[in-house]
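Under my numbering, think of the first position of the sequence shown as 1, with each following residue one higher.
Beta carbons are placed, not taken as given, at the ideal position from N, Cα and C, and that holds for glycine.
One structure is given below, encoded as structure tokens.
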Amino acid sequence: MIDWKKLIQHPWLQHGGFWILSTYVLFRIFNQSPENTTSDLIYTALFQISLWVVVYFQLWLLIPRLLKPGRYLVYGLSFLLVLVLGVAINHLTFDYLADWLFPDYFFISYYRNGELLQFMLIYAVASTLFKLSKSWFDLANKEKQINRLEREKLDAELQALRAQLDPHFLFNSLNNVYSLALDADEKVPAYLLQLSDNLRYMLYECQAPHVPLTKELEYIQNYLALQRLKAGPEVQIELSVNGITEAQQVAPLLFIPFIENSFKHGLKGRARDAAIHISFVGQEQGLEFHIRNTIAPNGPDDAPVLPVVGGIGLENVRKRLELLYPGRHQLDIREDADSFEVDMTLHFTP
1 MIDWKKLIQH PWLQHGGFWI LSTYVLFRIF NQSPENTTSD LIYTALFQIS LWVVVYFQLW
61 LLIPRLLKPG RYLVYGLSFL LVLVLGVAIN HLTFDYLADW LFPDYFFISY YRNGELLQFM
121 LIYAVASTLF KLSKSWFDLA NKEKQINRLE REKLDAELQA LRAQLDPHFL FNSLNNVYSL
181 ALDADEKVPA YLLQLSDNLR YMLYECQAPH VPLTKELEYI QNYLALQRLK AGPEVQIELS
241 VNGITEAQQV APLLFIPFIE NSFKHGLKGR ARDAAIHISF VGQEQGLEFH IRNTIAPNGP
301 DDAPVLPVVG GIGLENVRKR LELLYPGRHQ LDIREDADSF EVDMTLHFTP
């Protein structure tokens, strides 16, 4: 199958089309009789010799080497010299070359130097515009390719970061099932059902770059239900949701590392008033997320605040935020002796 776009962009076809059009236009200008004579066609071809020199001096020498910052004056002087050279070649063509190539015809260059300069100038400017426009389109295509490669790289990085989250969640969930099963807890079937829903969400819906915020909240609610089964009624777990609409979209699995962290470290050692408070507040073009958990007074040698199993933690979240919401997020993390808090604001539109 012929690739017409590639064929049209072929340099030989473009140059050939330009000179065919030029021959037609000049022939109509030079033909002074009602009949299309052979002599007029030959005259047109000879006249274009000087134009070829001007055009290709421009395309192959002056523009690539001299049309650059700091060399504009040299380019301008060279441009004028090429125009003069074109006029001189036109005279030489009709004074000597025409008689030698076509002795049976008589040709003269009946245009004055000023008129010839106009021809040369028109073709020089046309070739310059052609070259610059082609360079602009080439640059635009290269930018598109660069943008495409950057998007592919971004997608690959996001997939790698997300791939860290999936096994991490499964690892923690299976640990919870294991601890419940050891006690022959009747909550195991309900836990597995909730786990199945969350895994389905992660496998099938989280592959998109953005998901409905309502879906992400359903996932978080399921996760909290799983944790309530394990933690028991004595732990206060609160989720507050306000101002969320069906139309709002968010990158999947952005909040779960902070929530996992709260359960892992907030309930470690079981502070007397163990509590986790989570809130989502929707805005017109954004979202505010807040989470606070109590910290059990376990001493200074405890594990770090954010989980590090498999490389998951603050660094993962920060990288994803930088990739997904560059310049459109704020992340504030605070810790004191009794609590750990995270405030995160997302702006959905630039």
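Let me know the secondary structure DSSP gives Ala-124 once reduced to three states.
As a first step, residue 124 is located in the sequence shown; it is residue number 124 there, counting from the start. Here Ala-124 sits in helix by DSSP.
Cβ of Asn-242 within 8 angstroms of Cβ of Gly-282?
The residue you call residue 242 lines up with position 242 of the sequence shown. The residue you call residue 282 lines up with position 282 of the sequence shown. The answer is yes: Cβ separation under 8 angstroms.
So what does DSSP say about Phe-258, is it helix, strand or coil?
For the purposes of this step, residue 258 is taken as the residue at position 258 of the sequence shown. Helix, per DSSP.
Taking 8 angstroms as the cut-off, does the segment 14-31 touch the segment 76-93 (at least 3 CB pairs, one atom from each stretch)?
no
For Glu-260, count neighbouring C-beta atoms within 10 Å of its own C-beta (all shown protein chains included) and say buried if the count is 16 or more, exposed if not.
Position 260 of the sequence shown, counted from the start, is the residue given in the question as residue 260. It counts as buried.
Out of Arg-200, Val-211, Ala-126 and Asp-332, which has the shortest C-alpha to C-alpha gap to His-15?
Walking along the sequence shown from the start, residue 15 turns up at place 15. Here the closest residue by C-alpha is Ala-126.
Provide the residue span of the beta strand (DSSP E) that contains His-347, from first to last.
Position 347 of the sequence shown, counting from 1, holds the residue named residue 347. 339-347 is the extent of the beta strand (DSSP E) around His-347.
Output yes or no for whether 8 angstroms exceeds the beta carbon distance between Thr-214 and Ile-237.
By 1-based counting over the sequence shown, the position of residue 214 is 214. By 1-based counting over the sequence shown, the position of residue 237 is 237. Result no, Cβ atoms of Thr-214 and Ile-237 do not sit closer than 8 angstroms.
Are the segment 247-265 and the segment 208-224 touching by the rule of at least three beta carbon pairs closer than 8 angstroms?
yes
Assigned exposure category for Ala-337 - 16 Cβ within 10 Å defines buried:
The sequence position of residue 337 within the sequence shown is 337, counting from 1. It is exposed - the Cβ of Ala-337 has fewer than 16 other Cβ atoms within 10 Å.
Thr-38 lies in the alpha helix (DSSP H); which residues open and close that run?
Walking along the sequence shown from the start, residue 38 turns up at place 38. Segment 38-57, the alpha helix (DSSP H) holding Thr-38.
Is the CB-CB distance between Leu-41 and Ala-98 below 8 angstroms?
If you number the sequence shown from 1, residue 41 lands on position 41. If you number the sequence shown from 1, residue 98 lands on position 98. No, they are not a contact pair.
What's the call for Tyr-325, buried or exposed, on a 16-neighbour Cβ count within 10 Å?
If you number the sequence shown from 1, residue 325 lands on position 325. Burial call: buried.
Tell me the DSSP bridge mates of Ala-275?
Locating residue 275 in the sequence shown gives position 275, counting from the first residue. Gln-236.
Using 10 angstroms around the beta-carbon of Gln-82, count the other beta-carbons present and answer buried if the total reaches 16, otherwise exposed.
In the sequence shown, counting from the first residue as 1, residue 82 sits at position 82. Gln is not the amino acid found at residue 82; the sequence shown has Val there. When all chains shown are included, Val-82 counts as buried.
By a C-beta neighbour count over all protein chains shown, 10 Å radius and 16 as the cutoff for buried, is His-265 buried or exposed?
For the purposes of this step, residue 265 is identified with residue 265 of the sequence shown, where counting begins at 1. It counts as buried.
CB Ile-20 to CB Ile-49, shorter than 8 angstroms?
Locating residue 20 in the sequence shown gives position 20, counting from the first residue. Locating residue 49 in the sequence shown gives position 49, counting from the first residue. In this structure, Ile-49 does not lie closer than 8 angstroms to Ile-20 by Cβ.
How many angstroms separate the CA atom of Glu-186 from the CA atom of Leu-203?
Along the sequence shown, one-based indexing puts residue 186 at 186. Along the sequence shown, one-based indexing puts residue 203 at 203. Cα to Cα, the separation comes out at about 27 angstroms.
Looking at Gly-86 and Met-120, is the spacing between their C-beta atoms short of 8 angstroms?
Here the question's residue 120 lines up with position 120 in the sequence shown. Here the question's residue 86 lines up with position 86 in the sequence shown. Yes, the Cβ-Cβ distance between Met-120 and Gly-86 is below 8 angstroms.
Determine the contact status of Asn-293 and Ser-339, defining contact as a CB-CB distance below 8 angstroms.
Here residue 293 is taken as the residue at index 293 of the sequence shown, counted from 1. Here residue 339 is taken as the residue at index 339 of the sequence shown, counted from 1. Yes, the Cβ-Cβ distance between Asn-293 and Ser-339 is below 8 angstroms.
Just the Cα atoms here: how many angstroms apart are Val-342 and Gln-207?
For the purposes of this step, residue 342 is identified with residue 342 of the sequence shown, where counting begins at 1. For the purposes of this step, residue 207 is identified with residue 207 of the sequence shown, where counting begins at 1. If you take the alpha carbons of Val-342 and Gln-207, they lie about 26 angstroms apart.
Could you check which residue in Arg-328, Glu-335, Arg-334 and Asp-332 has the C-alpha nearest to that of Thr-349?
On the sequence shown, position 349 is the one that residue 349 refers to. Closest by alpha carbon: Arg-328.
Sequence-distant residues of the same chain with beta carbon closer than 6 angstroms to Arg-334, five excluded per side
The residue given as residue 334 occupies position 334 in the sequence shown. So the list reads Glu-341, once near-sequence residues are dropped.
Collapsed DSSP secondary structure at Gly-86 in the structure displayed:
Sequence index remark: in the sequence shown, residue 86 carries index 86 (1-based). Helix, per DSSP.
Backbone secondary structure at Gln-330 - three-state DSSP:
The sequence position of residue 330 within the sequence shown is 330, counting from 1. Per DSSP, reduced to three states, the secondary structure at Gln-330 is strand.
State the CB to CB distance for the pair Tyr-123 and Val-25, rounded to an integer number of angstroms; the pair is presumed to be in contact (CB under 8 angstroms).
Position 123 of the sequence shown holds residue 123. Position 25 of the sequence shown holds residue 25. Rounded, the Cβ-Cβ distance is 11 angstroms, inconsistent with contact.
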